[in-house]
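**Q** Got a structure for you, questions after.
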Amino acid sequence: MTPLFIRRGRLLLAILLVLLALGTWWWRSCSVSDDEPISAEELATWQAWQDSLRAAGQAGEESEMEVRAELFPFDPNHDDSLTLRRLGLTPWQVRNMMKYRRKGGLWRSPDDFARLYGLAPKDFQRLRPYIRIRPEDRRPTYEERYISLPAERPQYERVEKYAPGTVIDLNLADTNELKRVPGIGSYYARKICRYRERLGGFVHVRQLDEVEGLPSGISTWFKVDDSARPQTINLNRATFKEIVRHPYVSYEQTKAIMRYREKYGPMRDWRDLSLFKEFTPEDFNRMKPYFVIK
């Protein structure tokens, strides 16, 4: 045999193999089998449908590709495969829908159904008025997602402010008392309380200047009792997180404290930290009411 004959024979064989593969795929696409098990209820629905077709004068049982399309309200997220076939969808389209649903997919709106693979635009327009999406499955509207307007304007409670000359204890005042100070509303009242908690308590009214945004001169409404004893932290026992959380100790200063403890053991007094460049005398003065070395 000549080489030309051999090449033509191989080409013919390749074409036959491709045609065989395509034929197998087409036969499986048109098969009545489905990946979803058919329940007794579905079989009964199918049988009733076939009976109605025969009663209407249909000649014999129709094949799947000859099913007469019906129009009725349907839910693409929950209806069974036989119900979907009655709409005129092909077997492979229904199979793809079932696979999509098993993987957790949902059609969130009727328009989403237009993306079903192989669904012609004219078929979608035919089915669109009958698509029903459950409230729990549908996509939130723009207003529901981004705009949350109260039904009525909220009624804000009028807060009676303190008279001039009133002085309250900065460590004992709660948010309700703080809001009665002129210039302080709910936002700054919560901010003062959170800062007081991080500190462990105020030792001087000047510390209010460390709360960003407060009106100038606000400290004249407050006092700090001379006997106030803030919560203290033992620098030899506290964890990294407990130390760095305090407003008066930076991340780098906390690392220096931990390095000293790992290398030399417990500190004996503040002079042990004075060797570190991370600390200044001003830092020690602020820290001493809140930290102990023992």
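So the working numbering is basically just the index in the sequence shown, starting at one, shifted up by 1237.
Don't be surprised by glycine CBs; every beta carbon is placed ideally from N, CA and C.
Every value quoted in this text rests on a predicted model; they were computed, and no experiment measured them.
(1) Within the chosen definition, does the stretch 1518-1528 reach the stretch 1480-1500 through at least 3 CB pairs nearer than 8 angstroms?
(2) Would you please state the rounded distance, in angstroms, between the beta carbons of Val1442 and Val1461? I believe it to be under 8 angstroms.
(3) In angstroms, rounded to a whole number, what distance separates the CA positions of Asp1411 and Lys1336?
(4) For Ile1470, which option in Tyr1399, Leu1436, Gln1330 and Phe1350 has the closest C-alpha, if you only look at C-alpha atoms?
(5) Closer than 8 angstroms is the cut-off here; do at least three beta carbon pairs connect the stretch 1304-1316 with the stretch 1363-1377?
(6) CB Arg1345 to CB Arg1375, shorter than 8 angstroms?
(7) For the alpha helix (DSSP H) that contains Asp1520, what are its first and last residues?
(8) Work out the CA separation of Glu1373 and Gly1355 for me, nearest whole Å.
(9) Determine which residues share a DSSP beta bridge with Phe1459 and list them.
(10) Taking the straight line between their C-alpha atoms, what separation do you get for His1334 and Pro1377?
(11) So, with DSSP's three-state summary, where would you put Glu1303?
(12) Can you say whether Pro1328 is buried or exposed, counting buried as having 16 or more other CB atoms within 10 angstroms of its CB?
(13) The alpha helix (DSSP H) spanning Met1335 covers which residue range?
(14) Measure the beta-carbon distance from Asp1509 to Tyr1497 and round it to whole angstroms, keeping in mind my assumption that it falls under 8 angstroms.
(15) Which whole-angstrom value describes the C-beta separation of Gly1420 and Ile1455, a residue pair presumed to lie in contact below a C-beta threshold of 8 angstroms?
(16) Taking Ile1421 as part of the alpha helix (DSSP H), name the residues at either end of that continuous run.
(17) What are the partner residues of Asn1473, as DSSP defines its beta bridges?
(18) Let me check one thing: in DSSP terms, what residues is Val1529 bridge-paired to?
(19) Which stretch, first to last residue, makes up the alpha helix (DSSP H) that contains Ile1370?
(20) Please identify the residue among Gly1325, Val1331, Glu1307 and Ala1306 whose C-alpha is closest to the C-alpha of Ser1318.
(21) Could you name the residues that DSSP lists as bridge partners for Phe1513?
(22) Let me know if Thr1457 comes out buried or exposed under the rule of 16 or more other beta-carbons within 10 Å of its beta-carbon.
(23) Can Tyr1432 and Gly1450 be called in contact, C-beta distance under 8 angstroms?
(24) By a C-beta neighbour count over all protein chains shown, 10 Å radius and 16 as the cutoff for buried, is Ile1480 buried or exposed?
(25) Along the chain, where does the alpha helix (DSSP H) that runs through Phe1361 open and close?
(26) Run through the DSSP bridge pairs and tell me what Phe1311 is partnered with.
**A** Answer, in terms of the structure:
(1) yes
(2) 6 angstroms
(3) 58 angstroms
(4) Leu1436
(5) yes
(6) yes
(7) Pro1518 to Met1524
(8) 27 angstroms
(9) Ile1405
(10) It is Met, not His, that sits at residue 1334 in the sequence shown. Going from the Cα of Met1334 to the Cα of Pro1377 covers about 22 angstroms.
(11) The predicted model places Glu1303 with a pLDDT of 43, which falls under 50 and marks its position as unreliable; any figure quoted below should be read in that light. Of the three classes helix, strand and coil, the one that applies to Glu1303 here is helix, per DSSP.
(12) buried
(13) Pro1328 to Arg1339
(14) 7 angstroms
(15) 6 angstroms
(16) Run containing Ile1421: none; DSSP gives neither H nor E here.
(17) The partner list for Asn1473 (beta bridge, DSSP) is empty, contrary to what the question assumes.
(18) Asn1471
(19) No alpha helix (DSSP H) holds Ile1370; DSSP gives it neither H nor E.
(20) Val1331
(21) Its beta-bridge partners do not exist; DSSP assigns none.
(22) exposed
(23) no
(24) buried
(25) Pro1358 to Leu1364
(26) Ile1368
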